[in-house]
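Working notes for the structure below.
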Amino acid sequence: MLDAAAAETLTRSVMLGTARAAAPVQKAFGGLIAPDDPKAALKALALLGQHNRFRRPAGVAAASVESLFPDERAIVPEAARLLLLSLLSGKSGDPTDAVALAVADAMERRRLRLHPFDLARLEDFVKAHADQLGASAVAWTQRHATATTPDTYSFVETIDETNWMHGRPAQRAAFIRGLRATDAAHARALVEGVFASEQAPVRLVLVKALSENLSLADQPFLEGLAKDRAPTVREAAEGLLARLPGSPQAAKLLQECLSRIKRVSAGVLRRRTALQLEYPATVKEWQREAWAISTFGTIALDDFAKGLELSIDDVAAATAYDQILSTVLAVQASQSRRYDVLARLVREGLVYAWVAMVQADDIDILDPAAWSAAAIQPDLWREIPGAVMRLYAKLRAPLPAPTAEQLLASKAWLDLLGLAEQNMPDPLMFSTIATLVPQALRDALRKQLAPLSADLNARALAALSLLDIIEAA
Amino acid sequence: MSLTLAKVEEIAPDQSSLSAARKLLNPRSWPVIAGSDAGLVWGECQGSGSQPYRVVISETDLGYKCTCPSRKFPCKHALALMWMRAEGRAIDKQPQPDWVNDWLGRRRGPGAARSAPDKAEAKAKVSIDAALEQESPAPDPKAQARAAAQRERNRAEREAAILAGVEELDLWILDQLERGLAGFQSVAREQCGLAARRLVDAKASGLASRIEQLPAALFGLPEALRTDFLIEKLGELHLIAEAYRRQAELPEALKTDLRLMVGWTMTREELLSEPQATRVRDRWMVLAATQEIQPDKLRRLETWLARLGEADGPRFAVLMDFVPVSVGAVGKTYSAGETLEAELVFYPSGAPLRAIIAEQFGSMTKEGHWQAPPDDVSGALDRYEASLSTRPWLSDWPIAIHNAVVARVTDGLVLSDSKAALPIKSKEDDALLPLVGVGGIDAFGVWDGRRLDLKFAETPLGRWLPG
Chain Y
-13 MLDAAAAETL TRSVMLGTAR AAAPVQKAFG GLIAPDDPKA ALKALALLGQ HNRFRRPAGV
47 AAASVESLFP DERAIVPEAA RLLLLSLLSG KSGDPTDAVA LAVADAMERR RLRLHPFDLA
107 RLEDFVKAHA DQLGASAVAW TQRHATATTP DTYSFVETID ETNWMHGRPA QRAAFIRGLR
167 ATDAAHARAL VEGVFASEQA PVRLVLVKAL SENLSLADQP FLEGLAKDRA PTVREAAEGL
227 LARLPGSPQA AKLLQECLSR IKRVSAGVLR RRTALQLEYP ATVKEWQREA WAISTFGTIA
287 LDDFAKGLEL SIDDVAAATA YDQILSTVLA VQASQSRRYD VLARLVREGL VYAWVAMVQA
347 DDIDILDPAA WSAAAIQPDL WREIPGAVMR LYAKLRAPLP APTAEQLLAS KAWLDLLGLA
407 EQNMPDPLMF STIATLVPQA LRDALRKQLA PLSADLNARA LAALSLLDII EAA
Chain W
281 MSLTLAKVEE IAPDQSSLSA ARKLLNPRSW PVIAGSDAGL VWGECQGSGS QPYRVVISET
341 DLGYKCTCPS RKFPCKHALA LMWMRAEGRA IDKQPQPDWV NDWLGRRRGP GAARSAPDKA
401 EAKAKVSIDA ALEQESPAPD PKAQARAAAQ RERNRAEREA AILAGVEELD LWILDQLERG
461 LAGFQSVARE QCGLAARRLV DAKASGLASR IEQLPAALFG LPEALRTDFL IEKLGELHLI
521 AEAYRRQAEL PEALKTDLRL MVGWTMTREE LLSEPQATRV RDRWMVLAAT QEIQPDKLRR
581 LETWLARLGE ADGPRFAVLM DFVPVSVGAV GKTYSAGETL EAELVFYPSG APLRAIIAEQ
641 FGSMTKEGHW QAPPDDVSGA LDRYEASLST RPWLSDWPIA IHNAVVARVT DGLVLSDSKA
701 ALPIKSKEDD ALLPLVGVGG IDAFGVWDGR RLDLKFAETP LGRWLPG
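Chains as they are written, first to last, in the working numbering: chain Y, -13 to 459; chain W, 281 to 747.
Structure follows, in structure tokens:
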């Protein structure tokens, strides 16, 4: 009845206005609408509308059925999905807290990915941990990337020398750090090969990755970075040079440190040497510890002792009168992997030295297991410090089993549990402990947490269940 | 604390609430009633809405929650449940359903649930005895006749007003046509508001609401679709006006449908006694539960159901309820994936879709897998067109497609089979994107004639629901 040409003419008429372009009703509908009908235009409109409603959508010639979020990894078990949503969708907790980190790390270890239908519901979690959650999560975060703001790095599931340069910056840094442990020179050569063509943020993470197994062989490359266009890269290179025993930068830093240390006598009955750190006038009292750790924490422990012309044991004894200097010494022991010295300092009074290290952003924990065994000695704690809530983020691994056992049996922990309903501590404390406890001790922790109210233990118990499911997958 | 009638009296907000609660003591009003050892009693009470209200009370602290929109606290449903419990009515022990657990998880605790003592003392004395003594006054035949005559006069006056209103509507559409629809967008809100007000004056509230919603729907569309949309919608308004003038010539079901759409109402009781209404008893699965605030400040709650069994009758139904926005947020009565056995009564129509639950048998369950009828895109469109032929003002229509895939095209997503495709309404939250490329899905959505609003899908990766 109504052909395409007539429909188009009618459409043009009603769009322009029938006062300007009369609707060709007669031509379009033949005798169906009387020419003298005062409502002819209305009837034509109604028929045109109905005609259009029977028009079917166009075909599918150009449709693409390629998945937008491809991923080789297996999907998390179904039982984990509800827990993931309840813990990490942001409705009942922070999707970037220790639980979120531990879940992301566990999923990376087990090579699991999120269920694709949960990506939207876990948006913040995915954004924060895409590099651990696999290719689909990375693709999800890049779904709105346009030609003008492309993200040139793709997720590489199995990274090796042939594809490492295409990986995400964090993946590339992890690859280089791993390679440094076995073949430092080769890792540096790989970095040197691509360095000039990389953007500043990537250059920065690659330089920082060289901190692993640092040696004098790295000196020429690091010194060459003094002319890098990015100040952040220059600063990072200078930082590494300062940590390089035997380099001029390290010698200069050591001299600066020694110049700020005053030798005094201490003790009443038995006089002994004591060391005290002096601070620049611009450093406020509350900034002193952070300043001292970030400035002198990376000095090699042996160089520091030699510079003071004391044995390490004597340095430890002499710094005991200056809490901050003792902590700096503990940091140096940690950075020099002298965990025996660190453990002794902790046993002899620096019980909470780990707190300063956990709170210092520029101090890396090089060997989390050995460091934890030395620095975390819960049997000496009077109470559980709030900084425990940042401990997983620093370690990115559970505590070694003996340390965790010690923690669960410690007076500080049992007091916290016993008075929890009265003092109402931050529930994050319990959920962080859940991430720090290794699998074998989770049942014991569950039993300890069970008597607490849901306000306090819900997130921790759910986290334990979720980690169990992921690790068993 | 054990529940006593004295406690129920104490907590009742006024005498009329108790009287109303008394009428709900009949077990027939409660298709579901159960309790737990924790002192919780819950039930589903069929009210005036299309869906039963979910009520839960806590015997231990007199906490309560009901999904009805009443502004009295507690409402008559909660009071009735407490009353039954106080009288020692036997109640089956059952595991707590999810919605009860959900309430438990969100409530602030016993302290918050109790009413303030001052307020309790200040309210007028209410008593169960008084509620029991209340009897309906004896009917007065003369008064009844007067009332019936008045109702008839009112009806005739309204009929005349609506006829005048649709005549005026035609003039309004003609004006728009003369000026041209190209310029309509710039004056759509003002013009539609004006036309809607006139139709409200003409007591055609359904039509008024249809026009009032037109600008929002128009501006929600991509530019390329707006011309066709305007032509269809304004043409449809004339079609309705003309049909209303000639309603005597229409089949009875279509005529009822038309009158309901224009603004006449049909109470639950009238629908239940309507001989033309289609009744279907079967197992139904909830595929979607949505809420939308309309321009008339009503929250429209829609529950889309799919028939799972082999009974004859419509394969889909939508339960629709309207709650004033001022009542505040309304919790979901149903969630996608729940199944129930119920008898549904459909409002008369050429293409029956809107329904109410006449009776529910047993409680909701969560098991079940939905399988779409064996329609491809073309078959689903055939059904849509058949419905459009019998109900020319058809708007949203349920579409189900078996073994489909979501694919990408240049300007969005489509639900497709090997031969044809339906454009999908884009969502801001991108929840649809992970469906792209997942083959072999059974999809359900609401088709508005141009785009499919995908609401539910069973896929090889599990069930997909909008974010």
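The beta carbon of each residue, even a glycine, is placed where N, CA and C say it ideally should be.
Every value quoted in this text rests on a predicted model; they were computed, and no experiment measured them.
Query, Result
"Between Y:Ala458, Y:Ala459 and Y:Leu452, which lies nearest to Val85 of chain Y when the distance is taken from Cα to Cα?", "Y:Leu452"
"Can you list, in chain order, the residues of its chain with a C-beta nearer than 6 Å to that of Thr645 of chain W? Leave out the 5 residues immediately preceding and following it.", "Thr619"
"I'd like to know if the segment 167 to 182 of chain Y and the segment 195 to 214 of chain Y are in contact, where contact means that at least 3 CB-CB pairs between them fall below 8 Å.", "yes"
"Taking only beta-carbon positions, decide if Ile61 of chain Y is within less than 9 Å of chain W.", "yes"
"Given that Pro714 of chain W touches chain Y, what residues does it touch there, using C-beta distances under 9 Å?", "Ser53, Leu54, Phe55, His101, Pro102, Phe103, Asp104, Leu105, Ala106, Ser122 and Trp126"
"For Asn38 of chain Y, would you say it is in contact with chain W, using Cβ-to-Cβ distances shorter than 9 Å as the test?", "yes"
"What do you get for Asp722 of chain W, buried or exposed, if any count of 16 or more other CB atoms within 10 angstroms of its CB means buried?", "buried"
"Give the residues from the segment 474 to 507 of chain W that approach chain Y closer than 9 Å (Cβ to any Cβ), ordered along the chain.", "Thr507"
"Relative to the C-alpha of Val341 of chain Y, which residue among Y:Ile362, Y:Trp272 and Y:Arg333 is closest?", "Y:Ile362"
"Is any beta-carbon of chain W found at less than 9 Å from that of Leu190 of chain Y?", "no"
"On the DSSP bridge list, what partners appear for Arg333 of chain Y?", "DSSP, once it has assigned bridges, lists no residue as partnering Arg333 of chain Y."
"Gly79 of chain Y touches chain W at which residues, Cβ-Cβ below 9 Å?", "Within 9 Å Cβ-Cβ: nothing; Gly79 of chain Y doesn't reach chain W, min ~14 Å."
"Could you name the residues of the same chain whose beta carbon sits closer than 7 Å to that of Ala360 of chain Y, not counting the 5 residues immediately before and after it, in chain order?", "Tyr325, Leu328, Ala329 and Val332"
"Which residues bound the beta strand (DSSP E) around His682 of chain W?", "Trp677 to Val689"
"In chain order, what residues of the segment -13 to 4 of chain Y put their CB closer than 8 Å to some CB of chain W?", "Thr(-3), Val0, Met1, Leu2, Gly3 and Thr4"
"Chain Y beta carbons: is any one of them nearer than 9 Å to that of Pro703 of chain W?", "yes"
"For Arg773 of chain W, I'd like the list of residues in its chain whose CB is within less than 6 Å of its CB, leaving aside the five on either flank, ordered along the chain.", "Given that chain W is displayed from residue 281 to residue 747, the structure contains no residue 773 of chain W and the question cannot be resolved."
"What do you get for Ile573 of chain W, buried or exposed, if any count of 16 or more other CB atoms within 10 angstroms of its CB means buried?", "exposed"
"What does the Cβ neighbour count give for Ala167 of chain Y, buried or exposed, with the cut at 16 atoms within 10 Å?", "exposed"
"Using CA coordinates, which residue listed in W:Arg580, W:Gly642 and W:Arg435 is at the minimum distance from Trp564 of chain W?", "W:Gly642"
"Determine the chain W residues that contact Ala27 of chain Y at a beta-carbon separation under 7 Å, and present them in chain order.", "Leu454 and Leu457"
"Leu34 of chain Y and Ala462 of chain W: beta carbons closer than 9 Å?", "no"
"Roughly how many angstroms lie between the CA atoms of Ala631 of chain W and Trp727 of chain W, to the nearest whole one?", "14 Å"
"Given a threshold of 16 other Cβ atoms within 10 Å of its Cβ, counted over all protein chains shown, does Gln651 of chain W qualify as buried or as exposed?", "exposed"
"Between the C-alpha atoms of Arg220 of chain Y and Lys77 of chain Y, what's the straight-line distance to the nearest angstrom?", "42 Å"
"Are the segment 374 to 386 of chain Y and the segment 418 to 425 of chain Y in contact at 8 Å, needing three or more beta carbon pairs?", "yes"
"Report back the beta-carbon spacing between Trp744 of chain W and Leu702 of chain W to the nearest angstrom; my notes put them in contact at under 8 Å.", "Not confirmed; about 16 Å, so no contact."
"Exposed or buried, what is Asn443 of chain Y when buried is set at 16 or more other beta-carbons lying within 10 Å of its beta-carbon?", "buried"
"Run the CB neighbour count on Pro397 of chain W, radius 10 Å, all protein chains shown included, and call it buried at 16 or more, exposed below.", "Per-residue confidence for Pro397 of chain W stands at a pLDDT of 44, beneath the threshold of 50, marking its modelled position as unreliable; the derived number appears in the next sentence. The residue is exposed, with fewer than 16 neighbouring Cβ atoms inside 10 Å."
"With the cut-off set at 9 Å, would you say Asp710 of chain W and Ala684 of chain W are in Cβ contact?", "no"
"Using a Cβ-Cβ cut-off of 9 Å, state whether Glu64 of chain Y counts as contacting chain W.", "yes"
"Please work out which residues of its chain come closer than 6 Å, Cβ to Cβ, to Val689 of chain W, disregarding the five sequence neighbours upstream and downstream, and give them in chain order.", "none"
"Roughly how many whole angstroms lie between the Cα atoms of Ala423 of chain W and Arg431 of chain W?", "12 Å"
"Note down, one range per segment and in chain order, each beta strand (DSSP E) of at least 3 residues found wholly within the segment 514 to 601 of chain W.", "559 to 573 and 578 to 587"
"Looking at chain W, which residues of the segment 210 to 241 of chain Y have a Cβ within less than 9 Å of any of its Cβ atoms?", "none"
"Anything in chain W within Cβ reach of Arg445 of chain Y, meaning under 8 Å, just list it in chain order.", "Result: empty, since nearest Cβ-Cβ is about 13 Å, beyond 8 Å."
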